[in-house]
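Notes to accompany the following structure.
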Amino acid sequence: MELTNEHIKTRLTEKFGDQVSDFVEPYGMLTFEAPKGLNLKVLQFLYDDPELRFRFLTDLQAVHYPENKERELAVVYHLHNLTDNVRIRFKIFTAIESPDVYTATQLYACANWMERETYDFFGVNFIGHPDLKRILNVEEMDYFPMRKEFPLEDQTRIDKDDDMFGR
Amino acid sequence: MARPVRFNITPKERDHQSHIGVADAPEGFTGEGFFTTKLSEVVGLARKNSLWPLPFATSCCGIEFMATMGAHYDFGRFGAERMGFTPRQCDMLMVMGTIAKKMGPVLRQVYIQMSEPRWVIAVGACASSGGIFDSYSVLQGIDQIIPVDVYVPGCPPRPEAILDGVMALQDLVERESIRRRNTEKYQQLMLSYGIQ
Amino acid sequence: MTEDLLQHSREHNIKLPEGSIEKQTTTLNLGPTHPATHGVFQNILEVDGERIISAEATVGYIHRAFEKIAERRPLYQITPLTDRLNYCSSPINNMGWHMTCEKLLGVTTPKRVDYLRVIIMELARITDHVICNSVIGVDTGALSVFLYVMQYRELVYEIYEEICGSRLTTNIGRIGGFERNFNATAWNKLEKFLKEFPGALKEFENLLQRNRIFIDRTVGAGPITGERALNYGFTGPNLRATGVDYDVRVQTPYSSYQDFDFAIPVGTTGDVYDRWLVRNQEMWESLKIIKQAYQKIQEFKGEEAEVFHANVPEYYLPPKQEVYTKMEALIWHFKIVMGETEIPAGEVYHSVEGGNGELGFYLISDGGRSPYRLHFRRPCFIYYQAYPELIKNAMLADAVIVMSSLNLIAGEMDA
Chain L
1 MELTNEHIKT RLTEKFGDQV SDFVEPYGML TFEAPKGLNL KVLQFLYDDP
51 ELRFRFLTDL QAVHYPENKE RELAVVYHLH NLTDNVRIRF KIFTAIESPD
101 VYTATQLYAC ANWMERETYD FFGVNFIGHP DLKRILNVEE MDYFPMRKEF
151 PLEDQTRIDK DDDMFGR
Chain R
1 MARPVRFNIT PKERDHQSHI GVADAPEGFT GEGFFTTKLS EVVGLARKNS
51 LWPLPFATSC CGIEFMATMG AHYDFGRFGA ERMGFTPRQC DMLMVMGTIA
101 KKMGPVLRQV YIQMSEPRWV IAVGACASSG GIFDSYSVLQ GIDQIIPVDV
151 YVPGCPPRPE AILDGVMALQ DLVERESIRR RNTEKYQQLM LSYGIQ
Chain F
1 MTEDLLQHSR EHNIKLPEGS IEKQTTTLNL GPTHPATHGV FQNILEVDGE
51 RIISAEATVG YIHRAFEKIA ERRPLYQITP LTDRLNYCSS PINNMGWHMT
101 CEKLLGVTTP KRVDYLRVII MELARITDHV ICNSVIGVDT GALSVFLYVM
151 QYRELVYEIY EEICGSRLTT NIGRIGGFER NFNATAWNKL EKFLKEFPGA
201 LKEFENLLQR NRIFIDRTVG AGPITGERAL NYGFTGPNLR ATGVDYDVRV
251 QTPYSSYQDF DFAIPVGTTG DVYDRWLVRN QEMWESLKII KQAYQKIQEF
301 KGEEAEVFHA NVPEYYLPPK QEVYTKMEAL IWHFKIVMGE TEIPAGEVYH
351 SVEGGNGELG FYLISDGGRS PYRLHFRRPC FIYYQAYPEL IKNAMLADAV
401 IVMSSLNLIA GEMDA
């Protein structure tokens, strides 16, 4: 049976019931949401199932929505089924006070650095990660720069003239 | 509407009686079997025509430097054929590319390990002033941490611009007093950067 | 003997790292300043004599915060940022970004624009592979091949200059097409390239491909199996060298790649020699594609031969003469620059086959002028994680050529 978005949605709702929700298809890519405790189970199901076979993790990163209370940080997984050429997107939301998410490194070795990058930029704490420390920024940095409340420029500069730069 | 293209359209005949330029001898007093001139002039001439660069290439400007090293824009004719990748053996530090704050201490270490006389060229907009990356992680110009002699603007600068920067440095090197490194003013400059 | 060393260090006030005499291995620091070719990343190796026991990679020495900068810029100003990702083949990054924007905005480009884009992207792919292969040569000691082929990069730079004005970080194209039609000089230069480069590439091959020393150095260095590579997220020539034929141009064709006839070279063991061979063959395939595209472009006649952008006045800046004379063009110009055009809200993921693999752009737009979140799926960052595994139990010299055969570009790794 051909692997259409409808079919994937049916399989997922069969297995997980209404815990997987919010099925949309922006620009043709099926996107759904699951509670953060289930993320490993969903990934494992998509990996093991002989029909679904989503065995390639294309991308793992986070988005910060400061307005959604209790759901500020979204961790987004992009998965790819190479044999049937189907991609899906899978999101989990977590509150910013306790941003703990289970790590996917047991299943996909490439999640290692992608999760470190997400931790570095957003502060998402991956439980079970072998080596969760900052990767792209300096080690001594104490804030998470990609969150919306932090500015782009370096605030400690004294040589820039704000009048001329129109900030 | 389009301006007529003028350059590089038809192949040029190769110039077989190649006109090689030779460096002129400095001014001096010459006689039967001897030639006297100022020591600083001879030293300047020798130094300027044999600058050994340390290519500290971090990003895109490094690729333009590779193009400058290639056969088309030959860098070797300025005496810089030997790229030493160790600071102990070079006298010209060419910083090419963005220097992030994580890389700053590394650059400083490399500069401190160079022995006098040493010169620094900041190639490209990122090394001169941070370039288009006005962000929290990029050092806004390497002159925040080491003293710079020549700035070459561009993003990335054309190989001709890099060569122009090297020629400007050659002018500086030729005219530099041989006592400059021991003067009070130079020591003050080094102290202001925190380098002994 | 250990006690003597400890005593000696205490007397002379030498500070030794913890446990460094008891353990039998040496800690060697490779980087971040390498000889000019590679870029800035660091490897801390534990070496026993010449054999590498373990390695730890540190990156971030050129982190320029692209994703944060992109949240401030309107869509057309992000193109120069994408240039600086894989700066050896910046047109591919630019085109990929423009295609992502076109997917979001619902713009379809005419066929001629697609074919022009294919020519530019394949030229960029050739330049990227040329650097990677010649750098593998340089790292094994063969320095002259590098100088031979850098000359041909100059020819490609001249073609870029005719079209967009810049050599390396091109900022080529616009959302919807190109900024100007390719003029006759650009076509002349392309013909010159197509005539001269195959000879140079053949010479390059002859020097290295069956060279005894090169084969002895590179065969068996840093192999990886297909399953392991897929688990590590490998894409591009590194994955194809292990035998998996995944190429984004064929799986999800973009920019009319389905109209072209080309093969995907695959290797078997995934070692350095296979990667070299795959990249080499890909250069021949790219030359084939460029010739086909050039022929197809010459078949457009009359009106169609002047088309170089899609007809989308909402996103494509009108020509300057019209802005100064016509009211409508002035209004569109104002709207585009000030950000008053309709940008739909939504999220889109689009990927292209870059020089190193699948370069993906994940764009979340909230309807405003700049993206709400833009993430680059950078292939170099993802497959560099496999490096400690690739060089386990290899010699130190092999570590160097494995690193250069992976074609690690620091700008793409750290973004």
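Protein chains in written order, with the numbering used here: chain L, 1 to 167; chain R, 1 to 196; chain F, 1 to 415. Even for Gly, the Cβ is constructed at its ideal location relative to N, Cα and C.
Cβ closer than 9 Å: which chain L residues qualify as neighbours of residue i?
i, result
"Lys102 (chain R)", "Leu136, Asn137, Val138, Glu139"
Checking 8 Å against the spacing of the C-beta atoms, do residue i and residue j come in under that value?
i, j, result
"Thr140 (chain F)", "Arg51 (chain F)", "no"
"Glu412 (chain F)", "Met146 (chain L)", "no"
"Phe90 (chain L)", "Tyr108 (chain L)", "no"
"Ala127 (chain R)", "Cys155 (chain R)", "no"
"Tyr372 (chain F)", "Thr341 (chain F)", "no"
"Phe361 (chain F)", "Trp187 (chain F)", "no"
"Asp120 (chain L)", "Arg134 (chain L)", "yes"
"Asp128 (chain F)", "Cys88 (chain F)", "yes"
"Ala293 (chain F)", "Tyr115 (chain F)", "yes"
"Leu28 (chain F)", "Phe56 (chain L)", "no"
"Phe23 (chain L)", "Lys9 (chain L)", "yes"
"Cys110 (chain L)", "Ile382 (chain F)", "yes"
"Thr103 (chain L)", "Ile127 (chain L)", "yes"
"Leu152 (chain L)", "Tyr73 (chain R)", "no"
"Ser404 (chain F)", "Ile215 (chain F)", "no"
"Gln61 (chain L)", "Met114 (chain L)", "yes"
"Met283 (chain F)", "Val138 (chain F)", "no"
"Val272 (chain F)", "Val59 (chain F)", "no"
"Leu39 (chain R)", "Asp91 (chain R)", "no"
"His80 (chain L)", "Lys148 (chain L)", "no"
Going by DSSP, what residue range makes up the beta strand (DSSP E) through residue i?
i, result
"Pro55 (chain R)", "53-57"
"Gln61 (chain L)", "56-64"
"Asn81 (chain L)", "73-81"
"Gly360 (chain F)", "358-365"
"Glu33 (chain L)", "30-33"
"Leu28 (chain F)", "26-30"
In whole angstroms, give me the CA-to-CA distance for residue i and residue j.
i, j, result
"Ser54 (chain F)", "Ala142 (chain F)", "28 Å"
"Leu104 (chain F)", "Ala57 (chain R)", "36 Å"
"Ser192 (chain R)", "Thr86 (chain R)", "25 Å"
"Pro26 (chain R)", "Glu41 (chain R)", "7 Å"
"Pro237 (chain F)", "Met69 (chain R)", "28 Å"
"Gly302 (chain F)", "Phe193 (chain F)", "26 Å"
"Asp4 (chain F)", "Ile195 (chain R)", "36 Å"
"Val348 (chain F)", "Leu363 (chain F)", "5 Å"
"Ala184 (chain F)", "Lys326 (chain F)", "29 Å"
"Leu189 (chain R)", "Ile142 (chain R)", "15 Å"
"Leu207 (chain F)", "Arg64 (chain F)", "39 Å"
"Leu172 (chain R)", "Ile178 (chain R)", "12 Å"
"Gly49 (chain F)", "Gly220 (chain F)", "20 Å"
Specify, as a first and last residue, the run of the alpha helix (DSSP H) that residue i falls within.
i, result
"Lys41 (chain L)", "39-48"
"Phe204 (chain F)", "184-208"
"Val402 (chain F)", "396-405"
"Gly346 (chain F)", "No alpha helix (DSSP H) contains Gly346 (chain F), which is instead part of the beta strand (DSSP E) from 346-353."
"Gly137 (chain F)", "111-139"
Quick one: which chain F residues come within Cβ less than 9 Å of residue i?
i, result
"Gly28 (chain R)", "Near Gly28 (chain R) there are no residues of chain F at all, since even the closest Cβ is about 39 Å away, more than 9 Å."
"Ala67 (chain R)", "Met150, Arg153, Glu154, Tyr157, Arg167, Leu168"
Under 8 Å Cβ-Cβ, which residues of chain F neighbour residue i?
i, result
"Asn39 (chain L)", "What Asn39 (chain L) touches in chain F: nothing, since even the nearest Cβ is about 18 Å away."
"Met92 (chain R)", "By Cβ distance, chain F contributes nothing, its closest Cβ being about 14 Å from Met92 (chain R), past 8 Å."
"Asp59 (chain L)", "Tyr349, Gly360, Tyr362, His375, Arg377"
At a CB-CB cut-off below 8 Å, which residues of chain L make contact with residue i?
i, result
"Tyr87 (chain F)", "What Tyr87 (chain F) touches in chain L: nothing, since even the nearest Cβ is about 18 Å away."
Output, in chain order, the set of chain L residues within a Cβ distance shorter than 7 Å of residue i.
i, result
"His63 (chain F)", "Leu136, Asn137"
Anything in chain R within Cβ reach of residue i, meaning under 9 Å, just list it in chain order.
i, result
"Glu153 (chain L)", "Asp134, Ser135, Tyr136"
"Pro32 (chain F)", "Thr58, Lys102, Met103, Val106"
Determine the chain R residues that contact residue i at a beta-carbon separation under 8 Å, and present them in chain order.
i, result
"Arg157 (chain L)", "Gln140"
Residues of chain F with a CB under 7 Å from the CB of residue i: which are they?
i, result
"His7 (chain L)", "The premise fails here: His7 (chain L) is roughly 19 Å from chain F at the closest Cβ pair, so nothing lies under 7 Å."
"Glu64 (chain R)", "Leu168"
Report the neighbours of residue i on chain R: residues whose CB is nearer than 7 Å to its CB, in chain order.
i, result
"Lys40 (chain F)", "This sequence places Val at residue 40 (chain F); Lys is not what is there. What Val40 (chain F) touches in chain R: Thr58, Met103."
Which residues, in order along the region 248-276 of chain F, keep a beta-carbon less than 8 Å from a beta-carbon of chain L?
Cβ contacts with chain L come from Gln251, Thr252.
Listed in chain order, which residues of the region 360-377 of chain F have Cβ atoms closer than 7 Å to some Cβ of chain L?
Against chain L - using a Cβ distance shorter than 7 Å - the residues of the region 360-377 of chain F are Gly360, Tyr362, Ile364, Arg373, His375, Arg377.
Can you list, in chain order, the residues of the region 120-140 of chain R whose Cβ is nearer than 7 Å to any Cβ on chain F?
Against chain F - using a Cβ distance shorter than 7 Å - the residues of the region 120-140 of chain R are Ile132, Phe133, Ser135, Tyr136, Ser137, Val138.
Identify each residue in the region 377-407 of chain F for which the Cβ-Cβ distance to at least one residue of chain R is less than 8 Å, and report them in chain order.
Against chain R - using a Cβ distance shorter than 8 Å - the region 377-407 of chain F contributes no residues.
What residues in the region 90-109 of chain L bring their beta carbon closer than 8 Å to a beta carbon of chain F?
Answer set for the region 90-109 of chain L: Tyr108, Ala109.
Of the residues that make up the region 105-126 of chain F, which ones have a beta carbon closer than 8 Å to any beta carbon in chain L?
Within the region 105-126 of chain F, no residue has a Cβ that lies closer than 8 Å to any Cβ of chain L.
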